[in-house]
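Take a look at the structure set out below.
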Amino acid sequence: MAPETEQFCHAAIDAGAALVLGHHPHVPQRIEHYHDGWIFYSLGNFVFQQYTPPEVQTALMARITLAGARVDRVEATPLVIDWHSTPRLATREEGAPILRRIGLTEPLLWPPAEVFRADAWVGQNAGAPQTARTFSASPQTAQ
1345 MAPETEQFCH AAIDAGAALV LGHHPHVPQR IEHYHDGWIF YSLGNFVFQQ YTPPEVQTAL
1405 MARITLAGAR VDRVEATPLV IDWHSTPRLA TREEGAPILR RIGLTEPLLW PPAEVFRADA
1465 WVGQNAGAPQ TARTFSASPQ TAQ
């Protein structure tokens, strides 16, 4: 990611934005909790017919809950883009490399709560209280 992209996103939060959503590079990029705001540098492709490299067939689903102008809840879940630009929830096996590329070991949920389903990252019980989880906002690693 270009340094000016990070500087721009930080400046937006510093100026009062609660959330910055990026999209351009066609692949998911890291998520950052910066001061009181959240930055999704890139959600990747969501509905886009592209086949190579394989990373362009992935995305992040962001679900943001706002309380007025304040971000109250943040969720990020890996997706796979199937044939004919059809997004679907990634299985654990498919989602693990997507998350690793953006510096996470599991889907992001803040404030922390249980997120599970037998074959996917999101389930019907999302939102149930659980002990705190940590996440990494480390720079994306090339693969």
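Okay, so the sequence shown: first residue is 1345 according to the working numbering, each after it adds one.
Backbone N, C-alpha and C define an ideal beta-carbon position, used for all residues, glycine too.
Report the three-state DSSP secondary structure of residue i (helix, strand or coil).
i	result
P1372	strand
G1388	strand
L1443	helix
F1460	Because the pLDDT at F1460 is just 41, under 50, the model does not fix this residue reliably, and the point stays unresolved.
Would you mind stating whether residue i and residue j have Cβ atoms separated by less than 8 Å?
i	j	result
L1423	A1440	no
T1402	I1383	no
R1414	A1355	no
Q1373	S1386	yes
Check the C-beta distance from residue i over to residue j and give it rounded, since I have them as a contact under 8 Å.
i	j	result
T1421	P1451	5 Å
S1429	V1391	5 Å
L1448	E1419	Actually they do not touch by this definition, with Cβ atoms about 12 Å apart.
Residue i bridges to which residues according to DSSP?
i	result
I1425	P1431
A1406	A1420
R1414	A1411
I1383	V1364, E1376
L1448	DSSP, once it has assigned bridges, lists no residue as partnering L1448.
In whole angstroms, what separates the C-alpha of residue i from that of residue j?
i	j	result
P1397	R1407	26 Å
R1444	D1358	28 Å
L1365	L1404	11 Å
E1399	I1442	8 Å
E1350	E1376	10 Å
F1352	P1456	28 Å
P1490	G1360	In the structure as shown, the chain starts at 1345 and stops at 1487, and residue 1490 therefore has no counterpart that could be examined.
G1381	E1438	29 Å
H1367	D1416	22 Å
I1446	R1436	15 Å
P1369	M1345	9 Å
G1388	W1427	16 Å
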